[in-house]
Amino acid sequence: MAFVWIIILSVGLIQGVFIITSLQTLFPRGSKKTWLYRLLKAFQITPVLFIFASSIWFFFMVILPILVAKPFTSFEGICYALIASYLWLNMVFNYLAAMIISPGYPETRQELEEDTDIDTESLKFCGKCSRVRDRGTHHCSSCDSCVMLMSHHCPFTNNCVGLNNFAYFYLFVLHCSLGLVFAAYCTYAPFMACMLNYRSSFYNPKVCTELGDYAVMFLVVIFVLLFIFVMLCFHTFLLVIDMSMIDFLKLCQKLSLREFLKNILIDRGLRKKKLLLRKLLLYRREKWWKFFIPGFNEIPELLPPDEFLV
Ligand SMILES: [Zn+2]
Ligand SMILES: [Zn+2]
45 MAFVWIIILS VGLIQGVFII TSLQTLFPRG SKKTWLYRLL KAFQITPVLF
95 IFASSIWFFF MVILPILVAK PFTSFEGICY ALIASYLWLN MVFNYLAAMI
145 ISPGYPETRQ ELEEDTDIDT ESLKFCGKCS RVRDRGTHHC SSCDSCVMLM
195 SHHCPFTNNC VGLNNFAYFY LFVLHCSLGL VFAAYCTYAP FMACMLNYRS
245 SFYNPKVCTE LGDYAVMFLV VIFVLLFIFV MLCFHTFLLV IDMSMIDFLK
295 LCQKLSLREF LKNILIDRGL RKKKLLLRKL LLYRREKWWK FFIPGFNEIP
345 ELLPPDEFLV
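Residue numbering for the sequence shown follows this note's numbering, starting at 45 and increasing by one per position.
Rendered as structure tokens:
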């Protein structure tokens, strides 16, 4: 029964995120300055934090003792625990980094006039927030500010995804997918044995009684995995065609299917430049293996906006 309540609560919280995001879109200038608005915004990140906490508890307290006879003293048990901890740590680190680190806000007209000798007359400025409008910069109505190389405003991190935090967002989605594949592997045998009565070596009526409703967790994992995997494929596709999500969605509204195939898949997909891929992801760490350990970007937080753009 407790399991059913956990599922209802998780689904309810996730729906809450979408409702709040939809309300913000409908009423972008609503009650932004009130304490209620700030409280609701903070509430947006609770579903993910709740899922992080319950997933690690579920693995160590429920699944691991069932999969391995001596979970914390046998070689097999330690291997399971190390893989789960490694993926979990990467997931949580990259999520928190994507949430906390600024996506990259361009300077305002006032800041430029005060600090530098740049001729502001030659620059374009946003009419809403007075920040410099370079190519790839978009104005986010949720943050009420322009963001450099903005991809989208993420409701789960309650932060924009842009130049400085895209790498964390992408690595979060990547490690989430890997973690869910591992979770599917761990929950498959209990599900088959206890829910479908598949007579494998795992099948044991006593274990199934202990496991109870938790055996259905495999289906929940597959459902979330599909969602996250589609996200991973979509963002990888956007990097390959060298477009931000905002630009891609805008362009899709204008193009016919034939133009979409030619302009986006063939022309942009086969193009060699891949500026966004380099600027948002590849230039973030010196060595490739540093993408697979929890760590901060090594480049300066603010690159000159036009360094790699044409
Ligand atoms: Zn703006
Ligand atoms: Zn935003």
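Even for Gly, the Cβ is constructed at its ideal location relative to N, Cα and C.
Exercise for the section: Measure the beta-carbon distance from Val360 to Thr231 and round it to whole angstroms, keeping in mind my assumption that it falls under 8 Å. Expected result: In the structure displayed, the chain extends from 45 to 354; residue 360 sits before or after that span and is not available.
Problem - beta strand (DSSP E) segment containing Val17, residue limits - result: What is shown of the chain runs 45 to 354, which leaves residue 17 out entirely.
Exercise for the section: Take the Cβ of Gly256 as the centre, count every other Cβ of all protein chains shown within 10 Å, and call the residue buried at 16 or more, exposed below. Expected result: Exposed, by the Cβ-count rule.
Problem - Between the CA atoms of Val191 and Glu330 - distance to the nearest angstrom - result: In this structure, the alpha-carbon of Glu330 lies about 25 Å from that of Val191.
Handout entry: Beta carbon shell of ligand 1 at less than 7 Å from a heavy atom
Key = Per the Cβ criterion, the list is Cys170, Lys172, Cys173, Arg175, His183, Ser189 and Cys190.
Exercise for the section: Would you check if there are 3 or more beta carbon pairs closer than 8 Å linking the stretch 144 to 162 to the stretch 206 to 225? Expected result: With a cut-off of 8 Å on Cβ pairs, the stretch 144 to 162 is in contact with the stretch 206 to 225, counting three or more such pairs.
Handout entry: Check: Ser186 C-beta below 7 Å from any heavy atom of ligand 2
Key = True, at least one ligand heavy atom lies under 7 Å from that Cβ.
Problem - Cβ neighbour criterion (16 or more within 10 Å) applied to Lys323 - result: Buried, by the Cβ-count rule.
Practice task
Helix, strand or coil for Gly74, going by three-state DSSP, please let me know.
Solution key: With a pLDDT of 45 at Gly74, under the threshold of 50, the modelled position of this residue cannot be trusted, and the question is left open.
Handout entry: Strand pairing of Val265, partner residues [DSSP]
Key = None, per the DSSP bridge assignment.
Exercise for the section: Starting from the Cα of Ser221, find the closest Cα among Ile162, Val284, Lys114 and Leu276 and give me that residue. Expected result: Measuring from the Cα of Ser221, the nearest candidate turns out to be Leu276.
Exercise for the section: Output the boundary residues of the alpha helix (DSSP H) element that contains Val92. Expected result: Secondary structure note for Val92: its alpha helix (DSSP H) is the uninterrupted segment Thr90 to Trp101.
Problem - Supposed contact pair Arg179 and Phe169 - C-beta distance, whole angstroms, cut 8 Å - result: Contact doesn't hold; Cβ gap of about 14 Å is too wide.
Practice task
Answer yes or no: do Ser320 and Leu283 have a C-beta to C-beta separation smaller than 8 Å?
Solution key: Reading off the sequence, residue 320 comes out as Leu, not Ser. Taking 8 Å as the cut-off, the beta carbon of Leu320 is found closer than this to the beta carbon of Leu283.
Practice task
Answer yes if the stretch 135 to 145 comes into contact with the stretch 179 to 188, meaning at least three C-beta pairs across the two stretches below 8 Å, and no otherwise.
Solution key: The answer is no - the stretch 135 to 145 does not touch the stretch 179 to 188, with fewer than three Cβ pairs under 8 Å.
Handout entry: Classification of Ile285 by the beta-carbon crowding that lies within 10 angstroms, buried from 16 upward
Key = It is buried - the Cβ of Ile285 has at least 16 other Cβ atoms within 10 Å.
Exercise for the section: May I have the straight-line CA-CA distance separating Asn202 from Tyr258, to the nearest angstrom? Expected result: Each residue's CA atom was taken as its position, placing Asn202 and Tyr258 some 31 Å apart.
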